[in-house]
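Line order of the protein sequences matches chains R and G. If you read the first sequence in the UniProt record's numbering, its first letter stands for residue 1, the second for the next number, and so on. If you read the second sequence in the UniProt record's numbering, its first letter stands for residue 1, the second for the next number, and so on. Working notes, beginning with the structure itself.
Number of protein chains: 2
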Amino acid sequence: MSANSRLTIAAHALAWISLYQRQGHEVATSEQIATSANTNAVVIRRLLGELRRAGLVESRRGGGAGWSMARELESITLLDVYEAVEPGPLFAMHRATPDQECVVGYGIQPAMQGIYEVIEETLRRELARVTLEDVLRDILAAPR
Amino acid sequence: MSANSRLTIAAHALAWISLYQRQGHEVATSEQIATSANTNAVVIRRLLGELRRAGLVESRRGGGAGWSMARELESITLLDVYEAVEPGPLFAMHRATPDQECVVGYGIQPAMQGIYEVIEETLRRELARVTLEDVLRDILAAPR
DNA sequence: GATGGTCGTAACCGTAGTCGTTACGACATT
DNA sequence: AATGTCGTAACGACTACGGTTACGACCATC
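As structure tokens, then:
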């Protein structure tokens, strides 16, 4: 399926910002987050930009600028992050429409569409069960 | 996530072969299936090759060659097909290992790994609930 | 044993998505 | 005015997917 790391990095960034703020800081910079996630600051800004559009974080520009949470960590679920960062569906249909003269070619798409909807709804429900507060707790629970 | 159509095409092929056999034919050719799915026969052979490795179909070579089912349609679930054609995990970790000096960088991977395992297990359970007999029934139920 | 149809598979190409990187303007604090 | 950061475009490397061509391997049939 060619998995990507967008959900992972987004969760990483949100957890980092929250923890940093709980330590008394106002905002976190994309550079700091990128260092923690071992990636490039532009990658972080791009991802956080999508999370901002979803209303999960805020950004300030100018001097002393950076990112801060727009919502409480316990009110954000992995589904919120997933939807902000992963638009499309999980499974794709045929590239070219199948042969409509064939019984299978005619019925396959509605059939699979219905099945996929149920499956993706289950995935969403499962993602919605995990809050970012849960994630941060798990992070801090790592043995040291 | 850049979804692909492998599961859809594989289900299409299996449904087509089964229906064709139920109509009294011995084997189905990749050319016939490709016509129904509106794709190239090589694409079908590649996919069916993976399904053969998983023990779902058989192939005969030589004259009058083609593909036939190796198992009953009602004993095959979408999970069987999914596992045969989609190897990797759904979500990826960081490309480069995050900063192990950072609390978040240190704990994020075990945390997300545990969460992802639960989610993917749920997905598998859901895929396992749908048999290809269900799929074929839905296909034939399409209004005409 | 020659023929013909089909599988099995390699090779290549176009397209798209992800990620990293550089660059630079916009902006606000100082 | 200077500085630090965001916002975003642009580009390249890499990978995956799907389509296509090509050709050898195989076997039923004649």
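No residue lacks a Cβ here, since even glycine has one placed at the ideal position from N, Cα and C.
Test item: CB-CB of S68/R and I33/R under 8 Å: no
Pick from L127/G, R95/G, T131/G and L140/G that is closest to N38/R, judged by C-alpha positions: R95/G
CB of Y106/G within 8 Å of CB of A142/R, strictly: yes
Helix, strand or coil at S68/G according to DSSP, with G and I counted as helix: Correct three-state label for S68/G: strand.
Three-pair Cβ contact test at 8 Å for the stretch 76-84 of chain R versus the stretch 74-86 of chain G: The stretch 76-84 of chain R vs the stretch 74-86 of chain G: no contact.
E26/R, buried or exposed, once every other Cβ within 10 Å from all chains shown has been counted against 16: exposed
Contacts that T97/G makes with chain R (C-beta to C-beta distance below 9 Å): N38
Residues that A28/G bridges to, as DSSP identifies them: W67/G
Selection from T35/G, P89/G and E72/G that minimises the alpha carbon distance to E133/G: It is E72/G.
Short-range partners of chain G found in the stretch 78-98 of chain R, where Cβ spacing is below 8 Å: L78, E86, G88, P89, L90, F91, A92, M93, H94, R95, A96, T97 and P98
Members of the stretch 107-119 of chain G that neighbour chain R once the beta carbon cut-off is set at 9 Å: G107, I108, Q109, P110, A111, M112, G114, I115, Y116, V118 and I119
Whole-angstrom C-beta distance between S59/G and I44/G, which should lie under 8 Å: Actually they do not touch by this definition, with Cβ atoms about 11 Å apart.
Beta-ladder partner(s) of R22/R, from DSSP: For R22/R, which the question treats as bridged, DSSP gives no partner whatsoever.
Own chain residues within Cβ distance below 6 Å of L90/R, not counting five before or after: Around L90/R: E120.
C-alpha distance - E117/G paired with I76/R, whole-angstrom precision: 20 Å
CB of T131/G within 8 Å of CB of M112/R, strictly: no
Delimiting residues of the alpha helix (DSSP H) encompassing R137/G: L132 to L140
Unbroken beta strand (DSSP E) run spanning R60/G, endpoints: Boundaries of the beta strand (DSSP E) harbouring R60/G: V57 to R60, taken from the DSSP string.
Limits of the alpha helix (DSSP H) - the one that R45/R falls within: A41 to R53
CB contact flag (A70/G, G55/G, <8 Å): yes
Under the three-state DSSP convention, the category T97/R falls into: If DSSP states are grouped into helix, strand and coil, T97/R belongs with coil.
Chain-ordered chain G contacts of L127/R [CB-CB under 8 Å]: Those are I119, listed as they occur along chain G.
Chain G contact residues for V104/R, given Cβ-Cβ distances below 7 Å: H12, A15, W16, L19, S36 and I139
CA nearest to the CA of A13/G, picked from P110/G, Q100/G, M1/G and A28/G: Closest in C-alpha terms to A13/G, from the list P110/G, Q100/G, M1/G and A28/G, comes A28/G.
Alpha helix (DSSP H) segment containing G105/G, residue limits: V103 to A128
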